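S.K.:
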Amino acid sequence: MIWYKFHIGDYLTHTVHLSDAEDLAYRRLMDLYYMSEKAIPLDTESVARKIRLDLDITESVLGEFFEHTENGYYNHRCHVEIAKYQHQVANNRQLGKRGGRPLKTESVSDSSSQRFWLMNVSGAGSNPETHCSEAFKRVTAAFILSAKGSSA
169 MIWYKFHIGD YLTHTVHLSD AEDLAYRRLM DLYYMSEKAI PLDTESVARK IRLDLDITES
229 VLGEFFEHTE NGYYNHRCHV EIAKYQHQVA NNRQLGKRGG RPLKTESVSD SSSQRFWLMN
289 VSGAGSNPET HCSEAFKRVT AAFILSAKGS SA
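Adding 168 to a residue's 1-based position in the sequence shown gives its number in this note's numbering.
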């Protein structure tokens, strides 16, 4: 993973008791977990070196926030977030094979309210075709449609 969602409230709730070094160790261990997309290796000396912190601090944090298994140190929250990410990647891959995102069923129509709004922006009574660029009209139409959707 190249990024992950960081839930500040959850993190602070569970780590408020940690020292600065332990807090740093936990963040770096999570980064290592997400980067490798698998459990933290059992070789704690190597792990401590990778996260650039003392062995005792690393082992303390691993013992508190990670489950020791035969495959490494497992963290349930990290595992769930990685599974969500991998599902999204697989979904995006399938969409890409089909030519990208599916087409929206609702097309942008040139309703009278949109024409009225464009005319008022471009100048009273003037032709909006001559005063508005195509990009501006597309953005404006999308904004109007999204506003209609949120008010319904």
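We treat Cβ as the ideally placed atom computed from N, Cα and C, and that holds for glycine. All of these numbers come straight from a predicted model, not from anything done at the bench.
Is the number of C-beta pairs between the stretch 221 to 236 and the stretch 248 to 261 that are closer than 8 angstroms three or more?
M.R.: The stretch 221 to 236 vs the stretch 248 to 261: no contact.
S.K.: Since isoleucine 219 and glycine 240 should fall inside the 8 angstroms C-beta cutoff, what is the C-beta to C-beta distance between them, to a whole number of angstroms?
M.R.: Not really, about 14 angstroms apart at Cβ, beyond 8 angstroms.
S.K.: What are the start and end residues of the alpha helix (DSSP H) that includes histidine 325?
M.R.: Residue 325 lies beyond the range of the chain shown here (169 to 320); nothing can be said about it.
S.K.: Are the beta-carbon atoms belonging to leucine 180 and arginine 196 less than 8 angstroms from one another?
M.R.: Not in contact: leucine 180 and arginine 196 (Cβ atoms no closer than 8 angstroms).
S.K.: Answer with buried or exposed for asparagine 243, where buried requires no fewer than 16 other C-beta atoms within 10 angstroms of its C-beta.
M.R.: Classification for asparagine 243: buried.
S.K.: What's the C-alpha gap between aspartate 178 and glutamate 249?
M.R.: Their Cα atoms are separated by approximately 14 angstroms.
S.K.: Given 7 angstroms as the limit, tell me if asparagine 243 has its C-beta closer than that to any heavy atom belonging to the ligand NAD.
M.R.: What this structure holds is no ligand at all, so the ligand NAD is not there to describe.
S.K.: Keeping to the same chain, check which residues put their C-beta closer than 7 angstroms to that of tyrosine 183; ignore five residues upstream and five downstream.
M.R.: The residue you asked about is not tyrosine; residue 183 is threonine in the sequence shown. Hits under 7 angstroms: Asp191 and Tyr194.
S.K.: At the level of alpha carbons, what is the spacing between arginine 245 and tyrosine 172?
M.R.: Each residue's alpha carbon lies about 11 angstroms from the other.
S.K.: Using CA atoms only, rank isn't needed, just tell me which of Glu227, Phe174, Gly264 and Asn260 is closest to alanine 189.
M.R.: Checking every option, the nearest Cα to that of alanine 189 belongs to Glu227.
S.K.: Looking at the structure shown, is histidine 236 part of a helix, part of a strand, or coil, going by DSSP?
M.R.: Three-state result, histidine 236: strand.
S.K.: Apart from the five residues just before and just after glutamate 205, which ones in its own chain have a Cβ nearer than 7 angstroms to its Cβ?
M.R.: Correct list, in chain order: Met169 and Ile250.
S.K.: Ignoring anything shorter than 4 residues, give me the alpha helix (DSSP H) runs that lie fully in the stretch 169 to 214, in order along the chain.
M.R.: For the stretch 169 to 214, whole alpha helix (DSSP H) runs of length 4 or above, ordered along the chain, are 176 to 183 and 188 to 204.
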